[in-house]
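Peer 1: In my numbering, the protein residues as written are 3 to 368.
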């Protein structure tokens, strides 16, 4: 004797089908806008699609890794000949305006030579380098010679495709846990068109990957928490993507801890055998690439600190500095530095602690 299957009323099925078409339309609109903006984006100098020091910092690392096999970006951001950085008449390195970035740190490499590195965490640029390597291998095009073709292809793969994945995850969450037709459609419209997430599709950044990871984490976590589905794959997804969210957005470390706590609460065994190993993969990759790049466990921005003493100024220099004047001896020290440019007439002194600590600012000629 067979049992009759329960089915929703026809009007409910029709409403669900209509909602899905609305979700699809919103996803197509958001993706279409992003594609159009990706293929129109140009820097102010119109020679690359990289808008700011922020994304140039990451893309310089990508280029250095694939084209030169190093995390050091000196040969990418400065003019070079036969691997030697070229200098102007003042002795300052000649910057490549198309590629130069201020989002960098300097420290000795493994051979004791001072090098420039991106100040950004290393995991995302390393992943992007594998993408660039595939494009370069398949097409022969390089970021140096065809920045628009390669750069926009990377933006499509890195940003637009994950944006669609994010919206699909949001559509699933909204349809699964939403209560009303109007509420579902409103939230989906907000996700597709009412946040800053799609605007990040035009530039290499950490925010969009973190958003996508957070959405996938939410899918896995709600399956565990609300649906009581304790299969190992949901715990593995929660661990992998919550850890990747934190790897891209340091404040999301609290999000990772919350997800971990919920998983421990719901099923300790699955947390141990699935969540923890998946999260460990991300942690090992993040710390491992950081060590490969900097020969240190410290994050790159931790290298921004007072360095070793490079010169000792006469006592009377403090009086000049307190009056906002730059002593000649100090200007000579700055000009002699192998990476700094000579102080311009616009250079000024900011007194942070009279008689003890001062800071200099100068206009960026690049």
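Virtual Cβ for every residue (Gly too), placed ideally from N, Cα, C.
For clarity, every value in this text was computed on a predicted model and none was experimentally measured.
Assuming contact is defined by CB atoms lying nearer than 7 angstroms, are residue 151 and residue 68 in contact in what I supplied?
Peer 2: With respect to residue 68, residue 151 sits apart: the two C-beta atoms are not nearer than 7 angstroms.
Peer 1: Under the rule that 16 or more other beta-carbon atoms within 10 Å means buried, what is residue 25, buried or exposed?
Peer 2: buried
Peer 1: Three or more beta-carbon pairs under 8 angstroms between the stretch 235-252 and the stretch 204-223, yes or no?
Peer 2: yes
Peer 1: Suppose contacts are defined by Cβ-Cβ distances below 7 angstroms. Is residue 118 in contact with residue 75 by that definition?
Peer 2: yes
Peer 1: Residue 299 by DSSP, collapsed to three states: which one?
Peer 2: coil
Peer 1: Distance check for residue 40 and residue 112, CA to CA, integer angstroms please.
Peer 2: 38 angstroms
Peer 1: Please report how far the alpha carbon of residue 140 lies from the alpha carbon of residue 65, in whole angstroms.
Peer 2: 16 angstroms
Peer 1: Got a sec, what are the start and stop residues for the beta strand (DSSP E) residue 151 sits in?
Peer 2: From DSSP, residue 151 is part of no beta strand (DSSP E) but of the alpha helix (DSSP H) over 149-157.
Peer 1: For residue 98, would you say it is in contact with chain B, using Cβ-to-Cβ distances shorter than 7 angstroms as the test?
Peer 2: Although the question refers to chain B, the structure presented lacks it and comprises just one protein chain.
Peer 1: In three-state terms, what does DSSP make of residue 351?
Peer 2: strand
Peer 1: What residues match up with residue 95 in a beta bridge as DSSP calls it?
Peer 2: Beta-bridge analysis with DSSP links residue 95 to 89.
Peer 1: Measure the C-alpha to C-alpha separation of residue 14 and residue 298 and round it to an integer number of angstroms.
Peer 2: 59 angstroms
Peer 1: Give a yes or no on contact between the stretch 219-228 and the stretch 163-183, applying the rule of three or more CB pairs nearer than 8 angstroms.
Peer 2: Flag = yes, the stretch 219-228 and the stretch 163-183 touch.
Peer 1: Alpha carbon to alpha carbon, what distance is there between residue 228 and residue 366?
Peer 2: Here residue 366 scores only 46 on pLDDT, less than 50, and its place in the model should not be relied on; the value that follows carries that caveat. Between the C-alpha atoms of residue 366 and residue 228 there is a straight-line separation of about 54 angstroms.
Peer 1: Quick one: is residue 296 buried, meaning 16 or more other Cβ sit within 10 Å of its Cβ, or exposed?
Peer 2: Classification for residue 296: buried.
Peer 1: For residue 324, I'd like the list of residues in its chain whose CB is within less than 7 angstroms of its CB, leaving aside the five on either flank, ordered along the chain.
Peer 2: 353, 356 and 357
Peer 1: Take residue 5 and list the residues in its own chain whose beta-carbon comes closer than 8 angstroms to its own, dropping the five residues that flank it on each side.
Peer 2: For residue 5, the pLDDT reaches just 47, beneath the cut-off of 50, and the residue's location in the model is therefore unreliable, leaving the point undetermined.
Peer 1: Inspect the beta-carbon positions of residue 200 and residue 32 and report whether they are closer than 7 angstroms.
Peer 2: yes
Peer 1: From the DSSP output, in three-state form, read off residue 197 for me.
Peer 2: coil
Peer 1: From what residue to what residue does the beta strand (DSSP E) around residue 37 run?
Peer 2: Where residue 37 is concerned, there is no enclosing beta strand (DSSP E), although the alpha helix (DSSP H) it sits in stretches over 12-40.
Peer 1: How about residue 14: is its Cβ closer than 6 angstroms to a heavy atom in the ligand FMN?
Peer 2: The ligand FMN is not part of this structure, which contains no ligands at all.
Peer 1: Tell me, to the nearest whole angstrom, how far the beta carbon of residue 194 is from that of residue 157; I am working on the premise that it is less than 8 angstroms.
Peer 2: Residue 194 to residue 157, Cβ: 19 angstroms. No contact.
Peer 1: Look up residue 119 in the DSSP assignment and give the residues it is bridged to.
Peer 2: 107
Peer 1: Return the first residue and the last residue of the alpha helix (DSSP H) that residue 212 is part of.
Peer 2: 209-227
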